[in-house]
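Student: Have a look at this one before I ask anything.
Now the structure itself:
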């Protein structure tokens, strides 16, 4: 690690008093002159301490009164923490100080100047749900097509316009769509004004406009707030920065007002929310900042973790530059694991986490991070099977996410049309003109007849009844379309035919929801593999689903066994749709940590910002996943992905684990992966590889194997001499005794990494062998047929020499 720091540039802090425990960098920041100052606060460098101590020091030294300070944060949690700390540091009542979030301070400002702002004294604030409802009323009142102008999407358009400082007349109207959106925006504004309400974006915009257009108010606040402190400056958007400049314009820099901006451009990861990392550079230039103070002393992580973070972020070209360091020593090496599959990755994560827990680390101090929410499903499934409590931080567990529950409801209606709960969930989602009154009439009819909602649709007349009948016809047609298809095909068909896919394709945040729906397909694939079921199990017509239908014609020992049995012809293991729906219901209800329970933490990297843990696992480090493939077409996209990785690394205090998988199920298909480019940007001296590299069926082999299949050249020339076998994520399902055939200890000459032939699926590569005798099974990749688990007591696998 580099020993160079800014310590030599700054004076040592005093040995007693308010400033006694600061390091030289923190001391320089806290005692900086009353002028525009930019503080680059690295991860774990004590920025909250610097902010609060700065305020306390200014008051203690008589430079400002409590009423002359404004401190702006991004979360209520941060502002409350500042107030709490200041309360213990100062002998004054700090509750009256202007410390809060952007929206909180704007609300306070508008309450004081409601008449000048053109608002009623008791104006109300609309939350996001209320905003969508209000816009929906506007769209209905304008008699517009609600399928084309979806209220939630229009709300995003209006919020985006306000964040750019645009009123309806300022919106660029280059086609019919944008002209209509501008009209909706105007009608929504008029409605809000009549009702005396404002949304969150309006709080910011109206505050900015009042300061901009009223010189007396502007000059009053510029005289009042001599010190303006801003936390997380890298996360400010265009309007927020413009708002700040109203209170402390750059022209006044150095003449009485001081803007103390604290941020870290290396942790700017919210571009999708409108955050503009360039605001930091603009601030430095516009306010003529004389000195940028860098807080580089890290109090969180060991050296190997920080050296990895520094090396990675050093590849970003557009940064202000700093280098984290620690006095805690190098600590343990960063562990890297290469798994054969996402299931093997999940199993390794769980086993390592359990080992850490046995070693004395609380589960709540173990975090598993992922780039995309969809990745959590495999990990959740492994934790569920292992009976380990976990918590999904900042989000919902996979099977509890709205889009997944919608898809499952459609599937349940295919399986059981009389499921009223599922019926009510999706009867008008996506919207199909079925309102609350129609549903009320349907429920009354169902209660009167003692029948299900599905069976009572014919009792509702009029337009609403016609829309209900169309929905029933949709469910019936989906049921017919899915007959004879396997589980994956059924789910894919339902996602498309139901309209869910089209709906989320047009939604602002629909990309992630579509990823979760694709992961539901993967969940079905995983389910049949995990339980030893067959991927090609087909759906039977409802009237054929008698208790003995699935096992009809099989030996008695099989028919009386568990409902999951190997297919008598191929050896593949099969399961009906109902089993998967039961599985989903069970996973949705179990193992989520209760309040106060010690549980492993699961979260996206975005959700992890601001948190820290003793041990951190960063998963799915593959090209196209992390960095995400969407980032590669965006100018700053790759640099933001690198900042996101930097945030992930710096969450770890003691131990950091990085892992990636050779294969991963995406959209129901096996995807062959290249490890993330970020590995090439990490210092090799900091890494400890836990798995074999460049052997057998490794990443390079997997890519060549995929290429060979695309060329149609078969496998014989592709098989490497190495061996890479790993215990699969789940134990094998038992094979019924009546179907057991003798499998010798050598598995009939089969070898991992060698080609094999199957009578139905053709040539494949043997990935894994496990068990013996009746429990022996193999995982084989058959190219276009996908990866399958086969019971060796039934499947006729022949080695290819």
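Residue numbers (the working numbering): 29 to 829. Quick reminder that beta carbons are idealized off the backbone N, C-alpha and C, glycines included.
1) Going by DSSP, what residue range makes up the beta strand (DSSP E) through residue 127?
2) If you follow the beta strand (DSSP E) that residue 825 is in, where does it begin and where does it stop?
3) Going by beta carbon distance, what residues of the same chain come within less than 7 Å of residue 204, once the five residues before and after it are set aside?
4) Quick check on the burial criterion: 16 or more other C-beta atoms within 10 angstroms. Buried or exposed for residue 701?
5) Is the beta carbon of residue 292 sitting closer than 8 Å to the one on residue 69?
6) Give me the DSSP bridge partner(s) of residue 650.
7) Mapping the DSSP letters down to three states, classify residue 356 as helix, strand or coil.
8) If contact is defined by three or more beta carbon pairs under 8 Å, each pair taking one atom from either stretch, is the region 302 to 322 in contact with the region 678 to 696?
9) When the Cα atoms are used, what is the spatial distance from residue 529 to residue 545?
10) Just to check, is the beta-carbon of residue 270 closer than 7 Å to a non-hydrogen atom of the ligand FMN?
11) How big is the Cα-Cα spacing for residue 112 and residue 120?
12) Tell me which residue opens and which closes the beta strand (DSSP E) that residue 48 is part of.
13) Output the boundary residues of the alpha helix (DSSP H) element that contains residue 809.
14) For the alpha helix (DSSP H) containing residue 506, list its first residue and its last residue.
15) I'd like the list of long-range same chain contacts for residue 298, defined as Cβ closer than 8 Å, with 5 residues on each side in sequence excluded.
16) Taking C-beta to C-beta, are residue 454 and residue 462 nearer than 8 Å?
17) Bridge partners for residue 786 per DSSP, in chain order?
18) Can you list the alpha helix (DSSP H) stretches of 4 or more residues lying completely in the region 415 to 496, in chain order?
19) If we define contact as Cβ-Cβ less than 8 Å, is residue 298 a contact residue for chain D?
20) Check each candidate in 364, 76 and 526 and name the one with the smallest Cα separation from residue 105.
21) Which residues does DSSP pair with residue 184 in a beta bridge?
22) Skipping 5 residues on each side, what residues in its chain have a beta carbon closer than 6 Å to that of residue 154?
23) If you follow the alpha helix (DSSP H) that residue 533 is in, where does it begin and where does it stop?
24) Helix or strand or just coil, what does DSSP make of residue 388?
25) When DSSP labels each residue in this structure, what does residue 369 get in the three-state scheme?
26) Curious, which full-length beta strand (DSSP E) runs of at least 3 residues does the region 53 to 110 contain?
27) Residues bridged to residue 322 by DSSP?
28) Within this structure, are the beta carbons of residue 102 and residue 129 separated by less than 8 Å?
29) Looking at C-alpha atoms only, which residue of 247, 286, 90 and 267 is the closest neighbour of residue 187?
30) Taking the straight line between their C-alpha atoms, what separation do you get for residue 643 and residue 685?
31) What are the boundary residues of the alpha helix (DSSP H) that residue 286 is part of?
32) Less than 8 Å separating the beta-carbons of residue 394 and residue 641?
33) Can you give me the start and stop residues for the alpha helix (DSSP H) that residue 249 sits inside?
34) Measure the CB-CB distance between residue 273 and residue 230 and report whether it falls below 8 Å.
35) Going by DSSP in three states, residue 19 sits in which element: helix, strand or coil?
36) How many angstroms separate the CA atom of residue 374 from the CA atom of residue 176?
Tutor: Answer, in terms of the structure:
1) The residue labelled residue 127 in the question sits at position 99 within the chain shown. Residue 127 -> beta strand (DSSP E) spans 126 to 129.
2) What you label residue 825 is simply residue 797 of the chain shown in a count that begins at 1. Run containing residue 825: none; DSSP gives neither H nor E here.
3) Start at 1 with the first residue of the chain shown, and residue 204 comes out as number 176. So no residue of the chain qualifies.
4) Numbered from its first residue, the chain shown carries residue 701 at position 673. Its Cβ being crowded by 16 or more others within 10 Å, residue 701 is buried.
5) For this step, residue 292 is matched to residue 264 along the chain shown. For this step, residue 69 is matched to residue 41 along the chain shown. With respect to the 8 Å criterion, residue 292 and residue 69 are classified as neighbours on the basis of their beta carbons.
6) Numbered from 1 along the chain shown, position 622 holds the residue referred to as residue 650. DSSP, once it has assigned bridges, lists 703 as partnering residue 650.
7) If you number the chain shown from 1, residue 356 lands on position 328. Reduced to three states, the DSSP call for residue 356 is coil.
8) No, the region 678 to 696 is not in contact with the region 302 to 322.
9) Numbered from 1 along the chain shown, position 501 holds the residue referred to as residue 529. Numbered from 1 along the chain shown, position 517 holds the residue referred to as residue 545. So the two alpha carbons sit approximately 8 Å from each other.
10) By its list of ligands, the structure shown contains no ligand whatsoever, and the ligand FMN lies outside what it can speak to.
11) The residue you call residue 112 lines up with position 84 of the chain shown. The residue you call residue 120 lines up with position 92 of the chain shown. Rounded to the nearest angstrom, the two C-alpha atoms are 12 Å apart.
12) Residue mapping note: residue 48 aligns to position 20 of the chain shown, counting from 1. Where residue 48 is concerned, there is no enclosing beta strand (DSSP E), given that its DSSP letter is neither H nor E.
13) For the purposes of this step, residue 809 is taken as residue 781 along the chain shown, with counting starting at 1. Where residue 809 is concerned, there is no enclosing alpha helix (DSSP H), although the beta strand (DSSP E) it sits in stretches over 805 to 809.
14) Translated into the one-based positions of the chain shown, residue 506 becomes position 478. Counting along the chain, the alpha helix (DSSP H) containing residue 506 begins and ends at 490 to 509.
15) In the chain shown, residue 298 corresponds to position 270, counting from 1. So the qualifying residues of the chain are 263 and 634.
16) Reading the chain shown from its first residue, position 426 is the one you call residue 454. Reading the chain shown from its first residue, position 434 is the one you call residue 462. No.
17) Here residue 786 refers to the residue found at position 758 when the chain shown is read from its first residue. In the DSSP secondary-structure assignment, residue 786 is bridged to 790.
18) 430 to 443, 448 to 454 and 464 to 477
19) Reference to chain D is not applicable here, since this structure consists of a single protein chain.
20) The residue given as residue 105 occupies position 77 in the chain shown. Considering only alpha carbons, the answer is 76.
21) Taking the first residue of the chain shown as position 1, residue 184 is located at position 156. Residue 184 pairs with nothing; no bridge assigned.
22) Reading the chain shown from its first residue, position 126 is the one you call residue 154. Excluding residues within five positions, the ones whose Cβ falls inside 6 Å are 225 and 227.
23) Residue numbering aside, residue 533 sits at position 505 when the chain shown is read from its first letter. That run of the alpha helix (DSSP H) goes 528 to 533.
24) Locating residue 388 in the chain shown gives position 360, counting from the first residue. Coil, per DSSP.
25) Your numbering for residue 369 matches position 341 in the chain shown. In this structure, residue 369 counts as strand in the three-state DSSP scheme.
26) 65 to 69 and 97 to 101
27) By one-based count along the chain shown, residue 322 stands at place 294. According to DSSP, residue 322 bridges with 68.
28) Taking the chain shown and counting its residues from 1, the one referred to as residue 102 is at position 74. Taking the chain shown and counting its residues from 1, the one referred to as residue 129 is at position 101. Cβ distance < 8 Å, so residue 102 and residue 129 count as in contact.
29) Counting from 1 along the chain shown, the entry for residue 187 is found at position 159. Closest by alpha carbon: 267.
30) As a position in the chain shown, residue 643 is number 615, starting the count at 1. As a position in the chain shown, residue 685 is number 657, starting the count at 1. Distance between the alpha carbons of residue 643 and residue 685: 8 Å.
31) The sequence position of residue 286 within the chain shown is 258, counting from 1. Careful: residue 286 lies outside any alpha helix (DSSP H), inside the beta strand (DSSP E) at 286 to 291.
32) In the chain shown, the residue the question calls residue 394 occupies position 366. In the chain shown, the residue the question calls residue 641 occupies position 613. The beta carbons of residue 394 and residue 641 sit closer together than 8 Å.
33) Working through the chain shown from its first residue, we reach residue 249 at position 221. First-last of the alpha helix (DSSP H) with residue 249: 243 to 252.
34) Residue 273 sits at position 245 when you count from the first residue of the chain shown. Residue 230 sits at position 202 when you count from the first residue of the chain shown. No, the Cβ-Cβ distance between residue 273 and residue 230 is not below 8 Å.
35) Past the boundaries of the shown model lies residue 19; the chain is included only from 29 to 829, so the question cannot be answered.
36) Locating residue 374 in the chain shown gives position 346, where the first residue counts as 1. Locating residue 176 in the chain shown gives position 148, where the first residue counts as 1. For residue 374 and residue 176, the gap between their C-alpha atoms comes out near 41 Å.
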